[in-house]
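Residue numbers (this note's numbering), protein chains in the order written: chain U, -6 to 155; chain A, -6 to 155.
Every residue gets a Cβ at the ideal spot worked out from N, C-alpha and C, and that includes glycine.
To start, the structure itself, in structure tokens.
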DNA sequence: TATTGTTATACTCTATAACTATA
DNA sequence: TATAGTTATAGAGTATAACAATA
């Protein structure tokens, strides 16, 4: 899917960047800059981890939420993940086209489509969870339990508002 | 440009979500999930803050790096921001089309194009910095100085690797 | 041979607007 | 009138592949 990884038979020189990093100047003072860089680092590792399955962070989030809340609507998912209807529509379309998720018309409210994982979706999720465990450990291992608690608390405060 | 903000003359009901948030289940255990949610929250606020100027986080980062490292090449910027040549090319093209940045052929190495802010670019950056100060304070205000130090340290550790 | 810039291509994500059908 | 889903559209970002000019 993406993979910034070099060919395995090529020379590795991760420790010898050809071009020195520039002075980040004022960027270094911005919380948003460091948050973005950290997010990109984890996003990349996630993408490499999921290369074989072809799942993005957001697609996995949709699958986990559907697994944990069967029958939820697209709007429920959109609200929980902080996106909008149209974006969620596109996301669900891609997963549905791969037969990982399915829409079932609601009997109670015929405007709604209830979302459920397919059998293939549940199998995919199980495989993804195994890969994610290793991915998470690569980052969790950087911190002590107390540091990790503090980090998670801080991140939640940022997106929950206080 | 995007603006999740409702019309100002409309009723506000931020405190009354129509649809309750779903159970995030296993997602709640993932560092990457909370990092993504926090990043999206700040990204949104940044986008609203910059609505008048029409600058994204990444575009601002390119402008700040160019301001602090005049004559840097596109590859220098790409390496520093963790992206690739083609992506940076597209980014610089957009800024150049708006006359905020300009390419000047290098005398020493004629393959290179040195990047410089234009006069309009420097003026834009000055305006952006003022807006960003207020944006940053909205989030910095959520933390004590010690908490903020810990958060920044943790984020750097994630993307610098150790 | 390797690097820089470049173009072409394609997919994901994000967001707005407008439409349909339901409530 | 409001909501859920949908479609169309558009721009930004991301990544790969290939090419020309230059080192």
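Other residues of its chain near residue 136 of chain A: CB distance less than 7 Å, five sequence neighbours each side excluded = 144
Among residues of its own chain, excluding the 5 on either side of residue 62 of chain A, which ones have a beta-carbon nearer than 6 Å to its beta-carbon?
-> none
Could you tell me the distance, in whole angstroms, from the CA atom of residue 41 of chain U to the CA atom of residue 18 of chain A?
-> 24 Å
Chain A partners of residue 14 of chain U, CB-CB under 7 Å?
-> Within chain A, the residues placing a beta-carbon under 7 Å from that of residue 14 of chain U are 72, 73, ordered along the chain.
For the region 65 to 78 of chain A and the region 13 to 32 of chain A, state whether three or more C-beta atom pairs, one from each stretch, are separated by less than 8 Å.
-> no
In whole angstroms, what separates the C-alpha of residue 0 of chain U from that of residue 45 of chain A?
-> With a pLDDT of only 30 at residue 0 of chain U, under the threshold of 50, the placement of this residue in the model should not be trusted; the figure read from the coordinates follows. For residue 0 of chain U and residue 45 of chain A, the distance between alpha carbons rounds to 44 Å.
Would you say residue 137 of chain U reaches chain A, if we count a Cβ-Cβ gap shorter than 7 Å as a contact?
-> no
In the structure shown, what three-state DSSP assignment does residue 28 of chain U receive?
-> helix
Could you tell me whether the Cβ atoms of residue 73 of chain U and residue 34 of chain A are closer together than 7 Å?
-> Their beta carbons are not under 7 Å apart, which means residue 73 of chain U does not touch residue 34 of chain A by this criterion.
Identified DSSP bridge partners for residue 106 of chain U = U:98
Looking at the structure shown, is residue 43 of chain A part of a helix, part of a strand, or coil, going by DSSP?
-> Here residue 43 of chain A sits in coil by DSSP.
Residue 59 of chain U vs residue 110 of chain U beta-carbon contact at 7 Å = yes
Excluding the five sequence neighbours on either side, which residues of its own chain have a C-beta within less than 8 Å of the C-beta of residue 38 of chain A, listed in chain order?
-> 128, 131, 132
Span of the alpha helix (DSSP H) around residue 85 of chain U = 78 to 90
With C-beta atoms as the reference, is residue 81 of chain U less than 7 Å away from residue 90 of chain U?
-> no
Compare the beta carbon distance of residue 57 of chain U and residue 20 of chain A with 7 Å and say whether it is the shorter of the two.
-> Their beta carbons are under 7 Å apart, which means residue 57 of chain U touches residue 20 of chain A by this criterion.
Inter-residue Cα distance where the pair is residue 156 of chain A and residue 126 of chain U = Nothing about residue 156 of chain A can be reported from this structure: the residues present for chain A run from -6 to 155 only.
Quick one: Cα of residue 84 of chain U to Cα of residue 121 of chain U, how far?
-> 17 Å
Partners in chain U for residue 84 of chain A, counting only beta-carbon separations shorter than 8 Å = Going along chain U, no residue has its Cβ under 8 Å from residue 84 of chain A, so there is no contact; the nearest lies around 14 Å.
Quick one: which chain A residues come within Cβ less than 7 Å of residue 27 of chain U?
-> Those within 7 Å of residue 27 of chain U in chain A are 145, 148, 149.
Between residue 152 of chain A and residue 76 of chain A, what straight-line distance do the alpha-carbon atoms span, to the nearest angstrom?
-> 13 Å
In angstroms, rounded to a whole number, what distance separates the CA positions of residue 149 of chain A and residue 148 of chain U?
-> So the two alpha carbons sit approximately 14 Å from each other.
Out of A:138, A:123, A:134, state which residue places its alpha-carbon closest to the alpha-carbon of residue 43 of chain A.
-> A:123
Under the three-state reduction of DSSP, which class applies to residue 3 of chain A: helix, strand or coil?
-> Low confidence applies to residue 3 of chain A: its pLDDT is 28, below 50, so where it sits in the model is not reliable, and the reading given next is rough at best. The three-state secondary structure of residue 3 of chain A, taken from DSSP, is coil.
Option nearest residue 113 of chain A by Cα separation, candidates A:99, A:103, A:95, A:26 = A:95
With 9 Å as the C-beta to C-beta threshold (strictly closer), list the residues of the region 100 to 130 of chain A near chain U in chain order.
-> 122, 125, 128, 129
If we ignore side chains and look at the alpha-carbon of each, how far apart do residue 11 of chain A and residue 140 of chain U end up?
-> Confidence at residue 11 of chain A is low in this model, with a pLDDT of 45, below 50, so its placement is unreliable and the value that follows should be read with caution. Their Cα atoms are separated by approximately 35 Å.
Among A:118, A:138, A:142, A:154, the one whose alpha carbon lies nearest that of residue 48 of chain A = A:118
Residue 55 of chain A to residue 88 of chain A span [Cα, whole Å] | Approximately 9 Å between the Cα atoms of the pair.
Proximity winner among U:52, U:26, U:51, relative to residue 51 of chain A (alpha-carbon distances) | Of the candidates U:52, U:26, U:51, the one whose C-alpha sits nearest the C-alpha of residue 51 of chain A is U:26.
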